[in-house]
Every structure is written in structure tokens, then in C-alpha cells.
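Peer 1:
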Amino acid sequence: MRRSRPRPWLRLEFDRRQRRRTRVSSDEPKSDPSSVWEDAYAGGDADRSWTQLEPVDSLKAIAVALPEPADPVIDVGGGASTLAGRLLADGFSDITVLDLSSSALQLAQRRLGKSAERIVWVQGDLLDSVPEREYGFWHDRAVLHFFTDPVQRSRYAELLARRVRPGGHAAISTFAPDGPDRCSGLPVRRSSHEDLENLLGDAFENVATWTTSHQTPRGTPQPFNWIVARRRTN
1 MRRSRPRPWL RLEFDRRQRR RTRVSSDEPK SDPSSVWEDA YAGGDADRSW TQLEPVDSLK
61 AIAVALPEPA DPVIDVGGGA STLAGRLLAD GFSDITVLDL SSSALQLAQR RLGKSAERIV
121 WVQGDLLDSV PEREYGFWHD RAVLHFFTDP VQRSRYAELL ARRVRPGGHA AISTFAPDGP
181 DRCSGLPVRR SSHEDLENLL GDAFENVATW TTSHQTPRGT PQPFNWIVAR RRTN
């Protein structure tokens, strides 16, 4: 049987630490978050509560921040989201999508077909795998709330300040205080708008906040808080 060659445009930058995971027996709880997401993407859309056909609030955040089409954009936790395709259609030319799940990225790549070559795909943990460059727009729909430890959240804020260039914007959403306390079996930290603003600190100024209700594929409403913040220039 001939083996098909890997397509050169599937530029998945694997986190080496992910490769050195210790195997656990099937009756032990999963301690590796990446296995949780690989399992989630093995099912259909109904098994992924975050699935949405149209990234309405993400597009609203872009309309607020107004990045230029030439600005570098990163979608952290972008996975199988349709946002990258929308950005391409709107003329954006410097797009990076990062996700812990290689299966999620491959779903997006298959959907985009040849157009996937125009996007940089990064597989790895957000805190360790964001490319070392500055971005004009940082988009995070529901990754931050999985960082429940104060040290993780501090690292996130520091990373954000380094990777968003002065004058650039970050759009972040998490479960609101009255939202679920778990997602895909993992604990989350819910945030108010004030919580998000405090986390970003003096490096950012608040541009807009809003609350929205996401309907899961099974029809369950989930309240999300959004913030769009501008990286200060001084």
C-alpha cells in the first residue's frame, strides 16, 4: 500500500513537550488537556458546546478594533472556527491560528481547502507556543477561562502585553459569572468585565465590553463576557 505524502502546507508546529507525554491507563483520569480536546473533536458538532456557524461576536470585536487587512492577526484557540476563513474573505493576509488540538486545526484546513496555505497553523499550548512576533489583533474566544490558576493568568497577561503591539487590540471572551463552571469536563474561571479589565492591567485601555448569550448546538444558552482593549503606546 502506498503511503500518501504529508501535504507541505499543513504547517503544524508541534510543541515538543506535547510529544513527551506520559501515557496513562484508560481507567485513570486524563491529566493532559490536549487529550480532552482531541476526544472532543473526534465527535460531531453537537458534542462541542462552543460550536457556532457564524462568529457573530468575533466579527463585532473586529468591527470595534478595526484592524487593517495587512495587520498581523492571531486567533488563539481558533481550532475549527470559521473566523479565519471570514478574515481571508475580508482581505486579511497575515493570519495565524493556534490551538492545542491538531484535529481541530485539520478540520479547519480541510474546510478551507487550498486557501489554508495562506494561514499559519500552530499546534501547541498557548502559553508556550505563540510565535515570537507582535500582532495588531489578538482574538481569544473562550481560552482564557481555562486558565484557572493565578500564575497561568498572570503569564497570559504578560504574554498578551508582549505579543500585541502598541496601538494594537485584544478581543477576549470568557464565561460570565452566571455561566457554566466547567466546559468539556474541565474547570473554568468565570469573569466579569471588571475582572478582565483588571487582568489586562495598565498595558491596555478598555475600548468596549458586552455580554452575549451563546446557544450551544444542543440549545443550551451560555452567557459570555467580551472585552476589546487597546494596547497603550506609552
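The numbering of the sequence shown is the UniProt record's numbering, which starts it at 1 and goes up by one.
Every residue gets a Cβ at the ideal spot worked out from N, C-alpha and C, and that includes glycine.
1. Starting from the Cα of Arg155, find the closest Cα among Asp94, Ser81, Asp128, Gly136 and give me that residue.
2. Assuming His145 is part of the beta strand (DSSP E), what are its boundary residues?
3. Just checking, does the stretch 149-166 make contact with the stretch 86-99 on the three C-beta pairs under 8 Å criterion?
4. Please report how far the alpha carbon of Arg23 lies from the alpha carbon of Glu38, in whole angstroms.
5. Using the rule of at least 16 other Cβ atoms within 10 Å of the residue's Cβ for burial, across every protein chain shown, is Ser115 buried or exposed?
6. For Leu186, name the three-state secondary structure that DSSP assigns.
7. DSSP state of Ser129, grouped into three classes?
8. Rounded to a whole number of angstroms, what is the C-alpha to C-alpha distance between Thr212 and Asn225?
9. Among Pro221, Glu134, Ser101, Asp71, which residue has its Cα nearest to the Cα of Ser81?
10. Tell me which same chain residues have a C-beta within less than 6 Å of the C-beta of His145, skipping the five on either side of it?
11. Do you know how far the Cα of Val130 is from the Cα of Val228?
12. Over what stretch of residues does the beta strand (DSSP E) that includes Ser173 continue unbroken?
13. Buried or exposed for Asp178, please, with buried defined as at least 16 other CB atoms from any protein chain shown within 10 angstroms of its CB.
14. So, at 8 Å on beta carbons, what are the nonlocal neighbours of Arg231 in its own chain, with the 5 sequence-adjacent residues on each side left out?
15. Pick from Asp57, Arg182, Tyr41: whose alpha carbon is nearest that of residue 291?
16. Anyone know if the C-beta pair for Gly113 and Val73 falls short of 8 Å?
17. Please name the residue, chosen from Thr233, Val64, Arg218, Asp140, that lies closest to Thr96 on a Cα-to-Cα basis.
18. What's the C-alpha gap between Ala142 and Gly77?
19. Taking Cβ to Cβ, would you say Asp99 is nearer than 8 Å to Ala70?
20. Any idea what DSSP makes of Asp202, helix, strand or coil?
21. To the nearest angstrom, how far is the alpha carbon of Arg7 from that of Gln106?
22. Is the shortest distance between the beta-carbon of Pro166 and the beta-carbons of chain C less than 8 Å?
Peer 2: Let me lay it out:
1. Start at 1 with the first residue of the sequence shown, and residue 155 comes out as number 155. Looking at the Cα atoms, Asp128 is the closest of the given residues.
2. The sequence position of residue 145 within the sequence shown is 145, counting from 1. That residue, His145, is in no beta strand (DSSP E); it is neither H nor E in DSSP.
3. With a cut-off of 8 Å, the stretch 86-99 and the stretch 149-166 do not count as touching, because too few Cβ pairs lie within range.
4. Stepping through the sequence shown from its first residue, residue 23 is reached at position 23. Stepping through the sequence shown from its first residue, residue 38 is reached at position 38. Legend: pLDDT at Arg23 = 32, less than 50; position of this residue unreliable, value from coordinates given subsequently. The alpha-carbon separation between Arg23 and Glu38 amounts to approximately 15 Å.
5. In the sequence shown, residue 115 corresponds to position 115, counting from 1. Ser115 comes out exposed.
6. Start at 1 with the first residue of the sequence shown, and residue 186 comes out as number 186. If DSSP states are grouped into helix, strand and coil, Leu186 belongs with the strands.
7. Taking the first residue of the sequence shown as position 1, residue 129 is located at position 129. If DSSP states are grouped into helix, strand and coil, Ser129 belongs with the helices.
8. Translated into the one-based positions of the sequence shown, residue 212 becomes position 212. Translated into the one-based positions of the sequence shown, residue 225 becomes position 225. Thr212 and Asn225 have their C-alpha atoms roughly 7 Å apart.
9. Residue mapping note: residue 81 aligns to position 81 of the sequence shown, counting from 1. Checked all of Pro221, Glu134, Ser101, Asp71; the closest Cα to Ser81 is Ser101.
10. Locating residue 145 in the sequence shown gives position 145, where the first residue counts as 1. If we look at His145 and ignore the five residues flanking it on each side, its Cβ neighbours are Thr174, Phe175, Val188, Arg189.
11. Here residue 228 refers to the residue found at position 228 when the sequence shown is read from its first residue. Here residue 130 refers to the residue found at position 130 when the sequence shown is read from its first residue. Each residue's Cα considered, the two are about 20 Å apart.
12. On the sequence shown, residue 173 is found 173 positions in, with the first residue counted as 1. Note, Ser173: beta strand (DSSP E), 164-175.
13. The residue given as residue 178 occupies position 178 in the sequence shown. Counting Cβ neighbours within 10 Å, Asp178 comes out exposed, since fewer than 16 surround it.
14. Taking the sequence shown and counting its residues from 1, one reaches residue 231 at position 231. The beta carbon of Arg231 lies closer than 8 Å to those of Ala161, Val164, Arg165, Pro166, Gly167, Gly168, His169, Ala170, Ala203, Phe204 in the same chain, with the five residues before and after it left out.
15. One cannot answer for residue 291 here, as it falls past the ends of the chain, which runs 1 to 234.
16. If you number the sequence shown from 1, residue 113 lands on position 113. If you number the sequence shown from 1, residue 73 lands on position 73. Against a cut-off of 8 Å, the Cβ pair of Val73 and Gly113 comes out as no contact.
17. For the purposes of this step, residue 96 is identified with residue 96 of the sequence shown, where counting begins at 1. For Thr96, the closest alpha carbon among the candidates Thr233, Val64, Arg218, Asp140 is that of Asp140.
18. The count along the sequence shown starts at 1 and reaches residue 142 at position 142. The count along the sequence shown starts at 1 and reaches residue 77 at position 77. Rounded to the nearest angstrom, the two C-alpha atoms are 8 Å apart.
19. Along the sequence shown, one-based indexing puts residue 99 at 99. Along the sequence shown, one-based indexing puts residue 70 at 70. It is not a contact, given that the beta carbons lie outside the stated cut-off.
20. As a position in the sequence shown, residue 202 is number 202, starting the count at 1. Of the three classes helix, strand and coil, the one that applies to Asp202 here is helix, per DSSP.
21. Translated into the one-based positions of the sequence shown, residue 7 becomes position 7. Translated into the one-based positions of the sequence shown, residue 106 becomes position 106. The predicted model places Arg7 with a pLDDT of 47, which falls under 50 and marks its position as unreliable, so this point remains unresolved.
22. Absent here is chain C; the protein component of the structure consists of one chain.
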